[in-house]
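Chemist: As they're listed, the protein sequences go chains A and B. With UniProt numbering, letter number 32 in the first sequence gets 32, and the count goes up by one each step, no holes. With UniProt numbering, letter number 610 in the second sequence gets 610, and the count goes up by one each step, no holes. Glycine included, each C-beta is placed from N, C-alpha and C at the ideal position.
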Amino acid sequence: MPLAASAIYFLNLRGDVLINRLYRDDVGGNMVDAFRVHIMQTKELGTCPVRQIGGCSFFYMRISNVYIVIVVSSNANVACAFKFVVEAVTLFKSYFGGSFDEDAIRNNFVLIYELLDEIMDFGYPQNLSPEILKLYITQEGVRSPFSSKTADKPVPNATLQVTGAVGWRREGLVYKKNEVFLDIVESVNLLMSSKGSVLRCDVTGKILMKCFLSGMPDLKLGLNDKIGLEKESQLKSRPAKSGKTIELDDVTFHQCVNLTRFNSEKTVSFVPPDGEFELMKYRITEGVNLPFRVLPTIKELGRTRMEVNVKVKSVFGAKMFALGVVIKIPVPKQTAKTSFQVTSGKAKYSPSIDCLVWKIRKFPGQTEPTLSAEVELISTITEKKSWTRPPIQMEFQVPMFTASGLRVRFLKVWEKSGYNTVEWVRYITKAGSYEVRC
Amino acid sequence: MAPPAQSHRSPSPSQPSGKGEVSDLKTQLRQLAGSRAPGTDDTKRELFKKVISYMTIGIDVSSVFSEMVMCSATSDIVLKKMCYLYVGNYAKHNPDLALLTINFLQRDCKDEDPMIRGLALRSLCSLGVANLVEYLVGPLGNGLKDGNSYVRMVAAVGVLKLYHLSASTCLDADFPPLLKQLMLKDKDAQVVANCLTSLQEIWSLEASTSEEAARERETLLSKPVVYYFLNRMKEFSEWAQCIVLELVSKYVPVDSEEIFDIMNLLEDRLHHANGAVVLATIKVFLHMTLSMTDVHQQVYERIKAPLLTLVSSGSPEQSYAVLSHLHLLVMRAPYIFSSDYKHFYCQYNEPFYVKKLKLDMLTAVANESNTYEIVTELCEYVANVDIPMARESIRAVGKIALQQYDVNAIVDRLLQFLEMEKEHVTAETLVLVKDLLRKYPQWSHDCIAVVGNISSKNVQEPKAKAALIWMLGEYAQDMQDSPYILEGLVENWDEENSAEVRLHLLTAVMKCFLRRAPETQKALGDALAAGVADFHQDVHDRALLYYRLLKYDVSVAERIVNPPKQAVSVFADTQSSEMKDRIFDEFNSLSVVYQKPSYMFTDKEHRGPFAFSEELGSLSIGTEPSDGAVAAQRVEANDKDLLLGTSEKEESHGYGNNGSAYNAPSYDASTTAGASQGHFDLVSIDQPSTLHPPSSFAIDDLLGLGMPAAPSSAPPALLLNAKATIDPNAFQQKWRQLPVSLSQETSIDPQGVAGMTNPQALPQHMQGHSINCIASGGQAPNFKFFFFAQKAEGSSAYLVECVINSSSCKVQLKIKTDDQATSQAFSELFQSALSKFGST
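This is the structure in structure tokens:
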């Protein structure tokens, strides 16, 4: 089933319409009222992102302080609908310069209408590539790539690009300095039981690139993953170099990557889009190096006092640092008074989230700072239920460290003019949902 | 590009209509219209922006239509776009004014700039005014032949817009064949994709009336066309790929070699970053290998990793969509994720809808090897602060317990929940323990010991209370205090609001009495007295039934109320396997999320001529917001009733299970009714005389209790009134009121199925047998009809819902009638009429 959207609405949190665009006549004009009455003003809000009201289905997503609602009357493709919204938001962000919220929409509503016209026609998604759309819809107004009047720098072969065979890159780009930036960004998801055993652990990683390259360059990326290395050792008929090889559970690629060549030769080769993009995503469940261990002991001393001791151990190299470490230790709602002792960083009690928040700006490897706190509770008569402990949550960033152990082995740039390029590679590991039960 | 300040102040449509501002705008625009002074365009832009921002927030600015059109003579493309947007919004409601715009739009369609040609053509097609379609034909024809692919791309969709406005104009102008040509030879992939979507929509809508269109629709699925698309796959954008893959999934390859070729070609799509493309590819794989069991299993193995990636990446909404699909797959092949169960552990911050689906997944993948871990994890959630989550988790534990042979550990866990002393946990657990005992009576000793300690005062929820009462009655033998707890509950009869609880209480007291008569006698007397005086019909009836049973013969009462029970081996599945297959056919669509086939929820547009939905359409979402709520509720209620709501089915199933122990199938009302004036010394009730014979006979008859073998009421030959009429409203009302008196599955002659291509054929055929079609709808292979018939003598009416699956030749019938006695006869008549369909 294709996605044939009948309408798309942008609403603020109060339910005011910021943008409405009807694509088909098969739904009533006031579907937005139906959405307000049946979803926004009820407890339904947020309980399910797909709802049926009358004969129509509503898909909605909240992005910062805006609801984006798609209305369909047919048996539409759900995955496609949500992906479309996500992509559209990415597109808007790239136009607004990063932020997407109510103010940005109000300030750019004409532009949004223009874009909505181009990215969807009669409910069918068309072209959402910012690269191409930016050729003829610009923030300052519209510039036609065909128009002779504005043709200060004529774009060769513009027609082809608008509807796009090589949708992601235009020809004729020139840079004085040819540079490629490659970031491997991993987020570690962990769920650890109170006894310290790992219940669930995986890494979702992505490779982000920023390319400032002239012409139509061909890039080839080599990683220390198992499939790639095995293939190589077969080709060169010599055993793979010792060292860690990483087994990727699954990989997805940006549309610029030649998937056929990946399948046959196991190399990631591509003609990159200009500027920033996400080259690939991967997932790993085996052999994850956890950067931190959290060892909590929480004792309830009678009905009004608690003792909290948390030790956090960094298990990456001693020369590395983690940045922006935040550890949130939950305490009961009726917390009255807290006192702390920390060996590193700062801690405070945050009543709005019922947590002790312990922040360590710079956290060296192979150290184990501790927090010990005493918590006094208001004794309540009504609250006889025992406190159910939410998990301890942790945020961090560890530069130059990958939880999966993935490394870039080579990044080759080939262009027919044979220029030299400068390549920059960075690694960073962040916390995804890093939870330790206590 | 700051919007006018007004929009900040009055963003809500409920706020002042801005009439003054609109008329200001009007005069300003008028002044500008003729002006050619430099800088005019900038002023115009500001004004246009104001107009558009008013339009967006719901202020009616249609009054400036003519001024806007006058100002539109400009070379500024931004102005043009705003003007097109404005015109597109108001043209529908002002067809006369729309005529004004035709001229400048047509002129723009010939502009030298392809961008403007495309924009103008798109706007022209989007006007949506039926009388202006003649002006569309020319520009569209030129657009399809335009040298620029942008214009062709717009024109391809434009044809579809024209079709929706006026199908005949579109077909007369021979646009579909043109589109087909374009689709098969255009260099630009987006043009090709748009041609495909337009053609698919046009031909499938036409197919019901025109054989040629049906044939054309088939050719889209022919080998050359499908291969053409497959070969160009990489040129398409990710969205177009979704559409092409959907087409491919319907293609039927000739042999297995072809299947492997296609799968090899598409395998790399599983690495695509767009989840929709991945799901579409998976659909192709699954559908193509359906007949090859081994390969089908391999496909499951192959798609596992990409699916798990999709779950963990992207927004929660996307995960939700993917998890719904995973759930569907896991129901078909439970083993595929059984070793990956940890992926479905819930994260603390995930939204509830994602967690709920993950719980469903955990329940579905549980098997001997992983049950322990999964149940341990679920127990963690039970302690969760989030109450709905805790409840769902308990239910999940219960479901796993009902699936497994070794429930030892799980029962212990469940009993521990009861000791947590949290009201919602206790309530949910009680319901589960009850179900568990019905399946595994051998656990009764362990459970009863714990359940006996629960004070009924701590249990408030009706379902839980009913479950507790059921156990008190069922295991009265083993629970020391049972009669006294029940007595306490009977004393508070008046404070019990839930009829369900009162019903259970009656039965429980009765059961307890049959086992421990001396202790329960008083409670039973009180309960029956309270029951007979109860205002709730069912409670009243059940109390009366028990009373008379006891009076007639206590041993008969025992046989009926408390027969030896067999353990339930399998709880009824709420969805038929046919339904599940149908949902599987519609993989990668809303059906999967809603867990029902599309014909149950899509709108009239896609249901074909469906009389009810027309009616629903007019009810739909009232014009005023305040009305909207009521109207839409009605819509929902109607939908539920008419469209075979699964939830309704579930309820009746559930109740059937619960209540089965209490039904009195062999009770013959007439035997006791005669002696009903007698005195029953065990329980002394002052019987209100009004309750007696005539009325109770009526009730008995109504319930069909006295039915078996009542020869007089079933005449062998049922004659139908050939001129029976009913209007859809009355039908709908009746359908809602009456209970289903007969529900049957039968099959239809394959020849008849062939006749189904013409949707009018069956109704016409049935009319020949005095059975009139009220409404019909559906798309191949599933059709649905509502029929109506009337008895020749008397006014008894028969209402029939008939669902025909043309691929499996299966027919599901639901007959409702106000004359129960003849429903069987009518059903035979109906089926014989149906079986003749196609053979005549």
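Quick check on the DSSP output: the beta strand (DSSP E) that includes glutamine 812 of chain B runs from which residue to which?
Modeler: Here residue 812 of chain B is taken as the residue at index 812 of the second sequence, counted from 1. Counting along the chain, the beta strand (DSSP E) containing glutamine 812 of chain B begins and ends at 810-817.
Chemist: Could you pull the start and end residues of the beta strand (DSSP E) that aspartate 218 of chain A belongs to?
Modeler: Locating residue 218 of chain A in the first sequence gives position 218, counting from the first residue. Segment 218-223, the beta strand (DSSP E) holding aspartate 218 of chain A.
Chemist: Could you name the residues of chain E that proline 306 of chain B contacts, counting a contact when the two beta carbons are closer than 7 Å?
Modeler: Structure shown: chain E not included; protein chains present are A and B.
Chemist: Please identify, using Cβ separations under 9 Å, the residues of the segment 808-829 of chain B that lie next to chain A, in order along the chain.
Modeler: Cβ contacts with chain A: none found.
Chemist: Scan the segment 245-263 of chain B for residues whose Cβ lies nearer than 8 Å to a Cβ of chain A and list them as they occur along the chain.
Modeler: Those would be Glu246, in chain order.
Chemist: Cβ of residue 443 of chain A within 8 Å of Cβ of glutamate 267 of chain B?
Modeler: Residue 443 of chain A falls outside the range modelled here, since chain A spans only 1 to 438, and no answer is possible.
Chemist: What residues in the segment 345-364 of chain B bring their beta carbon closer than 7 Å to a beta carbon of chain A?
Modeler: Going along the segment 345-364 of chain B in chain order, one finds Tyr345, Gln347, Tyr348, Asn349, Pro351, Phe352, Tyr353 with a Cβ nearer than 7 Å to chain A.
Chemist: For a quick check, are the C-beta atoms of lysine 791 of chain B and valine 800 of chain B less than 8 Å apart?
Modeler: As a first step, residue 791 of chain B must be located in the second sequence, where it is residue number 791. As a first step, residue 800 of chain B must be located in the second sequence, where it is residue number 800. No, the Cβ-Cβ distance between lysine 791 of chain B and valine 800 of chain B is not below 8 Å.
Chemist: I want to verify the contact list: residues of chain B whose CB lies under 9 Å from the CB of glycine 205 of chain A, in sequence order.
Modeler: In the first sequence, residue 205 of chain A corresponds to position 205, counting from 1. By Cβ distance, chain B contributes nothing, its closest Cβ being about 10 Å from glycine 205 of chain A, past 9 Å.
Chemist: Ignore the nearest five residues each way along the sequence and tell me which others in lysine 187 of chain B's own chain have a CB closer than 8 Å to its CB.
Modeler: Stepping through the second sequence from its first residue, residue 187 of chain B is reached at position 187. For lysine 187 of chain B, where only same-chain residues beyond five positions count, the Cβ hits under 8 Å are Ser149.
Chemist: List the residues of chain A that alanine 73 of chain B touches, going by C-beta distances under 7 Å, in chain order.
Modeler: Along the second sequence, one-based indexing puts residue 73 of chain B at 73. Those within 7 Å of alanine 73 of chain B in chain A number zero; the least Cβ separation is about 17 Å.
Chemist: If you count every other CB in all the chains shown that lies within 10 Å of the CB of arginine 107 of chain B, and 16 or more means buried, which is it?
Modeler: Position 107 of the second sequence, counted from the first residue, corresponds to residue 107 of chain B. Burial call: exposed.
Chemist: Can you name the residues of chain A whose CB is closer than 8 Å to the CB of glutamine 318 of chain B?
Modeler: As a first step, residue 318 of chain B is located in the second sequence; it is residue number 318 there, counting from the start. Correct list: Ala79, Phe82, Lys83, Val86.
Chemist: Given a cut-off of 8 Å, decide if lysine 281 of chain A and glycine 205 of chain A are closer than it, judged by their beta-carbon atoms.
Modeler: Numbered from 1 along the first sequence, position 205 holds the residue referred to as residue 205 of chain A. Numbered from 1 along the first sequence, position 281 holds the residue referred to as residue 281 of chain A. Contact flag set, yes.
Chemist: Say whether the segment 60-67 of chain A touches the segment 95-105 of chain A, bearing in mind that this needs 3 or more beta-carbon pairs closer than 8 Å, one atom from each stretch.
Modeler: Judged by Cβ distances under 8 Å, the segment 60-67 of chain A makes contact with the segment 95-105 of chain A, as three or more pairs qualify.
Chemist: Rounded C-beta distance between residue 849 of chain B and valine 365 of chain B? I'm assuming under 8 Å.
Modeler: With chain B represented from 1 up to 840, any question about residue 849 of chain B goes unanswered, as that position is not in the structure.
Chemist: 8 Å is my cut-off, CB to CB: does glycine 164 of chain A come that close to chain B?
Modeler: In the first sequence, counting from the first residue as 1, residue 164 of chain A sits at position 164. Confidence at glycine 164 of chain A is low in this model, with a pLDDT of 42, below 50, so its placement is unreliable and no value can be given for it.
Chemist: Using the Cα positions of serine 339 of chain B and lysine 83 of chain A, report the straight-line distance between them to the nearest angstrom.
Modeler: Stepping through the second sequence from its first residue, residue 339 of chain B is reached at position 339. Stepping through the first sequence from its first residue, residue 83 of chain A is reached at position 83. So the two alpha carbons sit approximately 29 Å from each other.
Chemist: Note down, in chain order, every chain A residue with its Cβ under 8 Å from the Cβ of arginine 122 of chain B.
Modeler: Indexing the second sequence from 1 puts residue 122 of chain B at position 122. Within 8 Å Cβ-Cβ: Asp117, Asp121.
Chemist: Looking only at C-alpha atoms, which of B/Thr43, B/Phe785, B/Asp386, B/Lys734 sits nearest to histidine 760 of chain B?
Modeler: The count along the second sequence starts at 1 and reaches residue 760 of chain B at position 760. Correcting the residue identity first, residue 760 of chain B is glutamine in this sequence and not histidine. The option with the nearest alpha carbon to glutamine 760 of chain B is B/Phe785.
Chemist: Rounded to the nearest angstrom, what separates leucine 549 of chain B and glutamate 558 of chain B at their Cα positions?
Modeler: Within the second sequence, numbered from 1, the residue matching residue 549 of chain B stands at position 549. Within the second sequence, numbered from 1, the residue matching residue 558 of chain B stands at position 558. Distance between the alpha carbons of leucine 549 of chain B and glutamate 558 of chain B: 9 Å.
Chemist: Quick check on the burial criterion: 16 or more other C-beta atoms within 10 angstroms. Buried or exposed for phenylalanine 787 of chain B?
Modeler: Numbered from 1 along the second sequence, position 787 holds the residue referred to as residue 787 of chain B. Under this definition phenylalanine 787 of chain B is a buried residue.
Chemist: Listed from N- to C-terminal order along the chain, which residues in the segment 176-198 of chain A have their beta-carbon within a distance smaller than 7 Å of any beta-carbon of chain B?
Modeler: For the segment 176-198 of chain A, which is checked against every Cβ of chain B, the residues closer than 7 Å are Leu191.
Chemist: Taking all protein chains shown into account, decide if arginine 169 of chain A is buried (16 or more other Cβ within 10 angstroms of its Cβ) or exposed.
Modeler: Position 169 of the first sequence, counting from 1, holds the residue named residue 169 of chain A. With 16 or more other Cβ atoms within 10 Å, it is buried.
Chemist: In chain A, which residues lie less than 8 Å from valine 411 of chain B when you measure between Cβ atoms?
Modeler: Stepping through the second sequence from its first residue, residue 411 of chain B is reached at position 411. Neighbours of valine 411 of chain B on chain A: none; closest Cβ ~23 Å, over 8 Å.
Chemist: Taking only beta-carbon positions, decide if tyrosine 136 of chain A is within less than 8 Å of chain B.
Modeler: Working through the first sequence from its first residue, we reach residue 136 of chain A at position 136. Yes - at least one Cβ of chain B is within 8 Å of the one on tyrosine 136 of chain A.
Chemist: If I measure Cβ to Cβ from leucine 295 of chain A and keep anything under 8 Å in the same chain, skipping five residues before and after, which residues do I get?
Modeler: Stepping through the first sequence from its first residue, residue 295 of chain A is reached at position 295. So the qualifying residues of the chain are Gly196, Val310, Lys311, Val312, Lys313.
Chemist: What are the residues of the segment 206-231 of chain B that lie near chain A, defined by any Cβ-Cβ distance shorter than 8 Å?
Modeler: From the segment 206-231 of chain B, no residue has a Cβ closer than 8 Å to chain A.
Chemist: Would you give the residue range spanned by the alpha helix (DSSP H) that lysine 80 of chain B belongs to?
Modeler: Sequence index remark: in the second sequence, residue 80 of chain B carries index 80 (1-based). Counting along the chain, the alpha helix (DSSP H) containing lysine 80 of chain B begins and ends at 77-90.
Chemist: Can you list the beta strand (DSSP E) stretches of 3 or more residues lying completely in the segment 181-260 of chain B, in chain order?
Modeler: List check, beta strand (DSSP E) in window: nothing returned.
Chemist: Valine 27 of chain A and valine 71 of chain A look like a contact to me (Cβ under 8 Å); what is the Cβ gap, rounded to whole Å?
Modeler: By 1-based counting over the first sequence, the position of residue 27 of chain A is 27. By 1-based counting over the first sequence, the position of residue 71 of chain A is 71. Confirmed, about 6 Å.
Chemist: Decide yes or no for the touch test of the segment 317-327 of chain B against the segment 587-596 of chain B: beta carbon pairs closer than 8 Å, at least 3 of them.
Modeler: Result yes; three or more Cβ-Cβ pairs closer than 8 Å.
Chemist: Quick test of your reading: valine 539 of chain B and alanine 499 of chain B, contact by CB under 8 Å. State the CB separation rounded to the nearest angstrom.
Modeler: Locating residue 539 of chain B in the second sequence gives position 539, where the first residue counts as 1. Locating residue 499 of chain B in the second sequence gives position 499, where the first residue counts as 1. Indeed, because the Cβ distance is near 6 Å, the residues count as touching under 8 Å.
Chemist: Quick check on DSSP: helix, strand or coil for histidine 327 of chain B?
Modeler: Translated into the one-based positions of the second sequence, residue 327 of chain B becomes position 327. Three-state result, histidine 327 of chain B: helix.
Chemist: Can a CB atom of chain B be found closer than 8 Å to the CB of alanine 7 of chain A?
Modeler: Counted from its first residue, the first sequence places residue 7 of chain A at position 7. No, its Cβ sits nowhere closer than 8 Å to a Cβ of chain B.
Chemist: Taking all protein chains shown into account, decide if serine 339 of chain A is buried (16 or more other Cβ within 10 angstroms of its Cβ) or exposed.
Modeler: Along the first sequence, one-based indexing puts residue 339 of chain A at 339. It is exposed - the Cβ of serine 339 of chain A has fewer than 16 other Cβ atoms within 10 Å.
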